[in-house]
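With the UniProt record's numbering applied, the sequence shown corresponds to residues 1 to 476, in that order.
To start, the structure under review is shown below, and the notes come after it.
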Amino acid sequence: MRCYIYKLRLSVCLFVVLFTALLFITYLNHSELESAEKSSGKRKTRHRKRTRSRKQHESHFQKARLQERELVLRSTAPPTLRREVQAHRLGQIRGKNTDQGITGKFTEIAKDTHIYSAFYDDAKSNPFIRLIILSGKHYQPGLSCQFCEPLSASCSFADSKAEYYTTNENHGRVFGGFIASCLVPDGFNAVPLFVDITADVKGEKSKARVPVVSNAHLYYPIKYAICVPPLRSEKLTAKRLIEFVELTKLLGANHFTFYDFKTDPEVNNVLRYYQETQVANVLPWNLPSNLVSRPNDIWYFGQVLAILDCLYRYKNRAKFVAFNDVDEFIVPLRNSSIVEILNAFHRPYHCGHCFQSVVFSSNARFPRQKSELVSQRFFHRTQETIPLLSKCIVDPLRVFEMGIHHISKATGLRYSVNSVHESDAVIFHYRTCTTSFGIRHQCMNLVHDGTMAKYGKRLQKMFRKVVNDLKLLAPT
1 MRCYIYKLRL SVCLFVVLFT ALLFITYLNH SELESAEKSS GKRKTRHRKR TRSRKQHESH
61 FQKARLQERE LVLRSTAPPT LRREVQAHRL GQIRGKNTDQ GITGKFTEIA KDTHIYSAFY
121 DDAKSNPFIR LIILSGKHYQ PGLSCQFCEP LSASCSFADS KAEYYTTNEN HGRVFGGFIA
181 SCLVPDGFNA VPLFVDITAD VKGEKSKARV PVVSNAHLYY PIKYAICVPP LRSEKLTAKR
241 LIEFVELTKL LGANHFTFYD FKTDPEVNNV LRYYQETQVA NVLPWNLPSN LVSRPNDIWY
301 FGQVLAILDC LYRYKNRAKF VAFNDVDEFI VPLRNSSIVE ILNAFHRPYH CGHCFQSVVF
361 SSNARFPRQK SELVSQRFFH RTQETIPLLS KCIVDPLRVF EMGIHHISKA TGLRYSVNSV
421 HESDAVIFHY RTCTTSFGIR HQCMNLVHDG TMAKYGKRLQ KMFRKVVNDL KLLAPT
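Here it is, written out as structure tokens:
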């Protein structure tokens, strides 16, 4: 009997100990959960504060920049400066361009040397002014940048000498593209509205004032943008341009930049339509007359200069930027949009992602679909990809120089290029299949590819809306 009582007491004691331990563990878990919730709440609060602070800082910067321009207009600044600021402000108010009214223009600074645009680049600890320059391959004049406070009658900062960088896509032509960089002087804390450029050619000096584009406080309002090289009407129709924009939007893009070289009135109306609806920037491409009359003196109408201008124009404005022609589409094969692919693949060490190309032959002897849309008419492509026709999507903040078919130079050695596998995404290039670019072998082996058919109904509806808005004639 005593043994039974002893065992009973022992069991009760064990039960009490286990129950107490269970209560203690539950208490600890509850405390940790409360602590985690508090920590999470603090993190969310900090994130909200940072977001609010960032937006306030951005708003403050934009207001300060507008106030600075207003002060210039009301001050004793030179009349030419007041007129230039007035023109840029009017461009911003009227929505002439989504780049705050500042467009590019080839401005001659010395014989055979023209500045197209200037950008404030603060990606590194010391900010620079990057000048996009067209010049001869054998000689580039010495340049210097002068920085002046907007309200100052004189400039107290020492001139900054420009250093030239020769781009990799000049292809040995007489004229080519260059990036000239001026270090912003210590103590100059404002983002300049303009920069005065002085060229020195054998002791003879000439000056030009160039407006400065700054996106330093925009924080990626655009997810995925497209840069298109200079447009010519002999290679482009209005409806082909509409199809390009609407299909590229379906594939994930939400902004475009075009360079208007030689377009007819119909194409120009389409460009103006997309500019007024805030879908695109349209910049003039006023090549110097000697290059218009002798186009072989420069590679493809200065395409590399347009690429560089567009790259710097989208820094801080767009998270990702692609560079392709109106007959090319970067098409996702596993995801619903290119943005999804980029979000999945992009890493902190990537400066960009390059895609292989296939050609959809417009001259192949296969039955064609009856459609006014090129992407819904041709469904036979090269079975093999064509590496020489690859195109890339980049993070513009991580690229210093962009090439036509490759990333020429990243902003740091830590960045690398990701080659996207053809099973994930590929470039659909709609063109004649010829012996150019060494693609004769691929053109002899074509396969059916109906990927674009799934976009047909939505694309047709979007296409028709724009055509109706513009009152373009239906096909006969």
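Cβ coordinates follow ideal geometry from the N, Cα and C atoms, glycine included.
When only Cα atoms are considered, C354 and I393 end up about 6 Å apart. Put simply, the backbone Cα of P265 is about 20 Å away from that of E372. Contact between the region 183 to 199 and the region 114 to 130 is established, with three or more Cβ pairs separated by less than 8 Å. Annotation: E328 to Y430 spans about 6 Å, alpha carbon to alpha carbon.
Judged by DSSP secondary structure, K457 falls within the alpha helix (DSSP H) whose first and last residues are 456 to 470. For secondary structure counted as the alpha helix (DSSP H) over 4 or more consecutive residues, the region 389 to 463 holds these complete runs in sequence order: 440 to 443. In the DSSP assignment, E266 falls outside any beta strand (DSSP E) and lies within the alpha helix (DSSP H) extending over 265 to 276. Counting only runs of 3+ residues, the beta strand (DSSP E) found wholly inside the region 122 to 205 occupies 128 to 136, 142 to 146, 163 to 166, 175 to 183, 194 to 201, in chain order. Within the same chain, and ignoring the five residues on either side of T107 in sequence, the residues whose Cβ sits closer than 7 Å to its Cβ are H114, I115, A208, V210.
Take the alpha-carbon of F360 and the one of A162: they are about 45 Å apart. Straight across, the Cα-Cα distance linking Q369 with S362 is about 12 Å. With a threshold of 16 other beta carbon atoms within 10 Å, A425 meets it and is buried. For P288, no pairing in a beta bridge is given by DSSP. The alpha-carbon separation between V195 and I439 amounts to approximately 46 Å. Counting only the Cα atoms, I197 lies some 40 Å from E246. Its chain contains T167, E169, G177 as the residues whose beta carbon lies nearer than 6 Å to that of V304, once the 5 sequence neighbours on both sides are disregarded; these appear in chain order.
As DSSP reads the structure, G352 sits in a beta bridge with V394, V417. Taking 8 Å as the upper bound for CB-CB distance, M402 and L342 are not in contact here, some 16 Å apart.
F147 places its beta carbon 8 Å or farther from that of S181. Of the residues assessed, S214 falls on the buried side of the cut-off, its CB having 16 or more other CB atoms within 10 angstroms. D260 and P230 have their C-alpha atoms some 6 Å from each other.
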